Amino acid sequence: MGSSTVGLAPGLSRKLKKVLECRTDSPDLLSSLNTLSSFYTENTPQSRRNLRYTIETRALDINREFLRASDPAQRALDRVEEQVNALSDCCDRIAKALDSCSAKTGDIISTTERLKQELEITTQRQEIVSCFLRDYQLSNDEINALREEDLNENFFKALSHVQEIHANCKLLLRTHHQRAGLELMDMMAVYQEGAYERLCSGKSSLSYISIILDSPKKNNAIDVKDFRPISLVGSVYKLLSKVLANRLRVVLDSLISESQNAFVGGRQILDSGLIANECLDSRLKSHVLGVVCKLDIEKAYDHVNWDALFYLLDWMGFGVRWRGWIRACITTVRFSIIVNGSPVGFFGSSCRLRQGDLLSPLLFLLIMEVLSRMLKKTEDCGLLRGFLVAPTNSIGVRISHLLFADDTILFCDASRDQLLSIRPALTCFQAFIGLKVNAGKSEIVPIGEVGNIDALAAILRCRVGSLPLKYLVVADRLERIQRKFLWGSSEECFKYPLVAWEKLYVCSNDKEACISDVLCYQEGFNDRIWNLRFRRDFHERELGAAFSFLEFIQSRIPRGGNDTFHWCLKGNGMFGTRSYYNIIRGAAASNFPGKGVWKAKIPRRVAFFVWTAVHEQILILDNLMLRGHILVNRCCMCYRNEETMDHLLLHCPALNSRKLIEVCLEKWVEGHGGSGESASLVGCIKVGDDDVERIVVTTLDTKEPIRWLQGECRKLGDTDNPEVSELLKTAVRCLKERPVLFKYCAEEVANMRHNALFRRFISALTRGGPGGLPRPIEVHAHDPLRYVGDMLGWLHQALASERELVLALLDPDAVVDTGPTAKRFSTSLESDSGKTESDLTFVLDRIFEGVCRPFKVRVEQVLQSQPSLIISYKLSNTLEFYSYTISDLLGRETALCNTLWALKDAAQKTSFDILKNRGEKLLRYPPLVAVDLSPPPAVREGVSVLLEIIETHNSVMVPASGKKPDFGPVISALLDPIIQMCEQAAEAHKSKGAGFSSRRSRMNSDPGQISKSSVDALLSSSSSVPSSQNNETPSKIFLINCLSAIQQPLYGHEVAAEYVKNLGAMIDNHMRVLVEKEVEAILRRCGLSQKMLHFHNSLNKEAGNTRAPLAELEDTAPASLSECLKAFFGLVLGSESSMPEFEQMQVPKLRSEACIQVAKSLAEAYELMYKAIMDPANGYPDPKSLARHPPDQIRTILGI
């Protein structure tokens, strides 16, 4: 018992010490410990009970003291928690403040970057301006030299300085100052108006000089036209003529008739040649007599009448300024004649166009259009009948003339009357334009047996010709052009002669004889004939061959036959070139398969390559070394043997892929010890399909074929365009019965092709194709549309090839359903056909996952480079098109498709951001209203951009469900700021004229109190005050012009139908207000504005009879009303009734509607006055003298 007590005491002592270790200095605790210590000496039941009681009592006391001591701590903890919560709230506020500060810091950084860019541009602009002010200025002496009439040494020195400045400016703008230079050029465009005025007035020198050399074009030259002129064109004139020519080409198609095809965009002069051939062919087949007249204009450019040209330009609708430009271009030329090597004086000209000028061919087309329309008018009057071009039993087209620049071809019947009708047309053309038909170069060609062809030629004073027609030496040059294809070289382009000229036309049995050696011209014959005359005597060694040849061609008369020449090689005795050609060919005939090469359906360049390869003339290293080049002769494919013709095309191991595959498989078998399964797999290549299926099915359960299959799948990533063997297809087909192995195989294929495709994509971006063709895609990074389009096209092409590859592995239809395993796989293939598509999508998605990131990064870089609005919108449409296209092949929920859709949304957001910035800029700087109230250039520019966007939207080849039916946001984002800008400009124009309106308001007082003698003065003064004195009138007309300029081009576009309707409502609203203001102004001018209220009240039946008669009122007294009505009749009946302010409406239909609405409102107002005046209750003594015209007569006068 004692031992147990002693054992418990230390444990109890430790517990008490642990509980009370923080209170050991308490007196009570010390007494308790003393009592407890007595337990070790007095271990009696009473002492134990006392000890227990003491411990329990003390424990309770300790608990109470602990509770009392923990209350302040609890309260302190609560206060700490509150402080922590407050601190947390303060931290949140600090975080929000930091976020706001971060955003503001980002704005400050972006603003700083923008200011840096603007500073850089400003600095560059300052450098350019300083260069212009310092280095690119002409001195006063140089300016005076250019303005003077004499072309002395100072003039040419100044001109040289101008050209030097022009070259330096181009060099400056092509460097890093390009952007600032373009902006500076836009600013300088403001000062071009004065230059144009000086140009049109002839004060500016264009530096165009024609010098007539002393070298004649022919012997015994007498006239000036027999000498050769040269033209010296200055840089200023080149610039001006090029700009004018480019602008003139835009409208030529609408001005020039279809009979002229030269120098017109979209037409080819070769078409006229084809049409002429068809005309001749149709007339020859119809057996109807006719004639073809080829007319040549004598000195076409030199005889053009300037007055006729300017009149023609005016008649065709060219403006005064344009005609002034043309006049300045063609009338400032000066001539000089070189005598003994030096020019003597300068003189001007009164006619002609300039040779070598860009404008001259285009202006000459307009001149020849006069002749074309004269001939057309002659044909319409029935005086000329052209050739009918039509198929059999159908209605055709009749063509009377075709124009080839200064040459003209006429088609007509062989009728004297028709040629007599052509003669006056040519004479009138010569009298008006100054151009004369050159009889020496003109000719008439009969079609059929025309008996009186000489008489017909005498009418036009030309010679009689024949078909085919030749123009100078063009036909003689055709053979030269063909000859230069193989042997032609020049200073700019060196070309090796591939095949000798003699090899083209060589007899097969004689390699040294050419056709030119046995053909010659003889008198009396138009064509070449065979010439077999021997040009020299025979040598002794040649006598035998000569005698045998003569004996061979000797005629042998058969017995019993007629005494005639008989050809022994043919049974009928008639000579035939084929039989003679076959006998002389003999065994030396060429083995070249001509029909199989030249007549095969292959590209011509391939056939030409085969032909040159047969003749061993391809420029390989062996042939280049024979031509004198020092090279290392090694094959470019295998780097082992010399690059000869036979090696490169027949024996190079790099080109024999089948042999290479067999060697690789044999090496693989040897490396694996030549196991039976491996050997059987290699043997499958040389056996039939049945053996292939049998070997794969029987050995699929072994490990070796599985490892072989894994290796084959990995090999698919080693090359860019791998080929799937039938053995691999069959193996994968067998694996479909084992989903785990099949999935592992599919993952291997996907991973390998993933890496290969990534490498191909990066190579296509940076290095291009083999040999540099095609070029790297990133070469076109400066062109966003082509850059992104090339990447998308590459991805689409790669997707098609990868899909074909994967489908060859996974699609059961790729395997022929014959053989011993066909029945085994038929059921499984039918059940797994739905799963094939999902497996195909999985593999393709994994393959194209790697190219998503580099493609996305590059497209985002293009979008961040701030492309133009059209480019960004076209990028959005291009991405949308390829998104749908690739979704059909790959599936929508794939990485590549998700990337394409995200980039499409980003491009669309970029376009809308550009629209937003564009609108803010327009609203920030509204334009001034023009004097003629025409729309500002921003309206036409915006409409042009919108039309291009609509055309792009309509041309997108996406499914109908993919196109957004609501095109309104795009139209609103583009046009709403323009309309708001026009409204701001109209309001500014209205407020600008407020002072003017207040000053003129005194002139609009009611003339009702004016005496009778002042009616004429009233009309004269009121006529000088237009109705547009109300400042809303020009503002409303300006808005109507702007809205009409936006509405008119949008008609016919379905996507803009709703917006066009809204524009129509806005125009109608402005028209209504404009008509009301105009009627109010007219009535105010006549003094009837204040009186209309009395007329309304007099006819109002609800007012009762308490009103006084109108004749007794001061405003509507007969005297005052008489003068006002006279002014009204003067405006209606006289010249004052016109409304010149409406002439500023640029849409004739709206202008007419406005005038009609004003006339109707005036007629209604007069009808109201007429009824009130004729009402007896108003007490007018002589109402008919006041209202002299009934309302119907006023309506008739106003034209309604």
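Counting in the numbering used here, the sequence shown runs from 201 upward without gaps. No residue lacks a Cβ here, since even glycine has one placed at the ideal position from N, Cα and C. Just so you know, these numbers come straight off a predicted model, no measurement behind them.
Within the model, the alpha-carbon separation for G465 versus A605 is close to 14 Å. Inter-residue distance for G776 and Q754 is about 15 Å (C-alpha atoms, whole angstroms).
DSSP, read as helix, strand or coil, puts T608 in strand. Y1366 sits buried, since 16 or more C-beta atoms from the chains shown fall within 10 Å of its C-beta. Put simply, the segment 570-577 does not touch the segment 521-532. Fewer than three CB pairs are less than 8 Å apart. Here D557 is buried. Its C-beta has 16 or more other C-beta atoms within 10 Å. By alpha-carbon distance to E342, the top candidate from N505, R325, L251, H361 is H361. Taken in chain order, no unbroken stretch of beta strand (DSSP E) lies wholly in the segment 269-300 with a span of 3 residues or more.
Where E1080 is concerned, the enclosing alpha helix (DSSP H) starts and stops at 1069-1090. As the crow flies, the alpha-carbon of E1258 is around 10 Å from that of G1264.
Note: G519 is not bridge-paired with any residue in the DSSP secondary-structure output. For the pair of segments examined, the segment 639-651 was found not to touch the segment 515-526: the number of CB pairs separated by less than 8 Å stays below three.
Using a 10 angstroms sphere on the CB of S1298, the tally of other CB atoms reaches 16 or more, which defines it as buried. Listed as beta-bridge partners of F587 by DSSP are I599. Put simply, the backbone Cα of R834 is about 14 Å away from that of L819.
According to the DSSP assignment, K494 belongs to the beta strand (DSSP E) that extends over 490-498. With fewer than 16 other Cβ atoms inside 10 Å of its own Cβ, T312 counts as exposed. Judged by their CB atoms, P1234 and L1133 are nearer to each other than the 7 Å cut-off. Here the alpha carbon of C1355 sits roughly 51 Å from the alpha carbon of T608. Within the same chain, Y1082 come within 6 Å of L992 by CB-CB distance, once the 5 residues on both sides are set aside.
Excluding its 5 nearest sequence neighbours in each direction, V1156 has C-beta neighbours in its own chain below 8 Å: N1077, E1080, F1081, K1163, listed in chain order. A residue is called buried once 16 or more other Cβ atoms fall within 10 Å of its Cβ, and W908 is buried on that count. For F564, the secondary structure class from DSSP, reduced to helix, strand or coil, is helix. Distance from the Cα of K494 is smallest, within the candidate group R663, I365, L824, for R663. Between I567 and I633 the beta-carbon gap is near 6 Å, inside 8 Å, which marks them as a contact.
In the DSSP annotation of this structure, the continuous segment of the alpha helix (DSSP H) that includes I1246 starts and ends at 1232-1250.
When M1369, I1400, K1056, W1101 are compared, the shortest CA-CA separation from H1294 is found for M1369. Excluding its 5 nearest sequence neighbours in each direction, L965 has C-beta neighbours in its own chain below 7 Å: P976, I977, E978, listed in chain order. Remark: C-beta atoms of V1059 and F961 do not approach each other more closely than 7 Å. Nearest to A1000 by C-alpha distance, out of D1088, K915, P974, is D1088. When DSSP reads this structure, V645 sits in a beta bridge with V492. For I802, the secondary structure class from DSSP, reduced to helix, strand or coil, is coil.
Residue pairing from DSSP places K636 in a beta bridge opposite E498. A straight-line Cα-Cα distance of about 10 Å links A956 and A950. CA-to-CA, the gap between W1101 and R293 works out to about 39 Å. As the crow flies, the alpha-carbon of N1241 is around 20 Å from that of G1119.
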